[in-house]
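Residue numbers (this note's numbering): 14 to 223.
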């Protein structure tokens, strides 16, 4: 069997900026906190939601902020999203090469599966691994350890993602790493985290595995 590829969701398969930032702004507004502009919140795309809100509102208000975020996100935020141009072709081609494909995201799998089905991307993946609503498996190291165990995947599996959390989590599990710069992590962030390869477009992912 060919070695599997695990894809991050936000910033790698789809661009979730509008849904995530608007839902964060909604939560902050309801808590009467300062509400930054959307571009000032893109750093929240990638890390676990709890980590982002602890920075934004402090630990005491984090649970309340997450509940408010999900109130909006579950209704409309999840669909304020779009697949990156060419990503469906890349996934279809990789599947044609008989490479097992999986999703590994810090987003709750409930929302991840809904998004993938909505954009007709779920057909390419053998399984979707995400966090539980209580935060279990939200950290990439923990999530990938669980995913590798569940799929019986070999150590030479590859993680593809746009943030340092993807790279570090993969390294901690002995996986190969590909960082993508078309998402929300800069080249310098991915390089500093130790990504073995960095690409600037979905097409380069396909080119590498061909």
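We put the beta carbon where it would ideally sit given N, CA and C, even for glycine.
Can you have a look at residue 178 and say buried or exposed, based on whether 16 or more other CB atoms are within 10 angstroms of its CB?
Against the chain shown, residue 178 aligns to sequence position 165. Its Cβ being crowded by 16 or more others within 10 Å, residue 178 is buried.
What residues match up with residue 173 in a beta bridge as DSSP calls it?
As a first step, residue 173 must be located in the chain shown, where it is residue number 160. 20, 191.
Terminal residues of the continuous beta strand (DSSP E) containing residue 119?
The residue labelled residue 119 in the question sits at position 106 within the chain shown. That run of the beta strand (DSSP E) goes 114-121.
In angstroms, rounded to a whole number, what distance separates the CA positions of residue 29 and residue 89?
For the purposes of this step, residue 29 is taken as residue 16 along the chain shown, with counting starting at 1. For the purposes of this step, residue 89 is taken as residue 76 along the chain shown, with counting starting at 1. Near 12 angstroms, if we compare the C-alpha coordinates of residue 89 and residue 29.
Should residue 197 be labelled buried (16 or more other beta-carbon atoms within 10 Å of its own) or exposed?
What you label residue 197 is simply residue 184 of the chain shown in a count that begins at 1. The residue in question, residue 197, is buried, as its Cβ has 16 or more Cβ neighbours within 10 Å.
Kindly indicate which residue of 180, 215, 194, 219 has the alpha-carbon position closest to the one of residue 207.
Here residue 207 refers to the residue found at position 194 of the chain shown. Checking every option, the nearest Cα to that of residue 207 belongs to 180.
Alpha carbon to alpha carbon, what distance is there between residue 182 and residue 134?
Here residue 134 refers to the residue found at position 121 of the chain shown. Here residue 182 refers to the residue found at position 169 of the chain shown. Roughly 24 angstroms separates the two Cα atoms.
Please report how far the alpha carbon of residue 205 lies from the alpha carbon of residue 166, in whole angstroms.
Taking the chain shown and counting its residues from 1, the one referred to as residue 205 is at position 192. Taking the chain shown and counting its residues from 1, the one referred to as residue 166 is at position 153. Roughly 27 angstroms between the two C-alpha positions.
Please return the same chain residues whose Cβ sits closer than 7 angstroms to the Cβ of residue 121, not counting the five positions on each side in sequence.
Stepping through the chain shown from its first residue, residue 121 is reached at position 108. Hits under 7 angstroms: 143, 144, 145, 146.
Kindly list the residues whose CB is nearer than 8 angstroms to the CB of residue 60, restricted to its own chain and excluding five residues on each side of it in sequence; keep chain order.
If you number the chain shown from 1, residue 60 lands on position 47. Once the five neighbours on either side are set aside, the close Cβ partners of residue 60 are 119, 176, 178.
Excluding the five sequence neighbours on either side, which residues of its own chain have a C-beta within less than 6 angstroms of the C-beta of residue 81, listed in chain order?
By 1-based counting over the chain shown, the position of residue 81 is 68. The residues are 40, 43.
Can you tell me where the alpha helix (DSSP H) with residue 70 in it begins and where it stops?
Position 57 of the chain shown, counted from the first residue, corresponds to residue 70. Element bounds for residue 70: 62-70.
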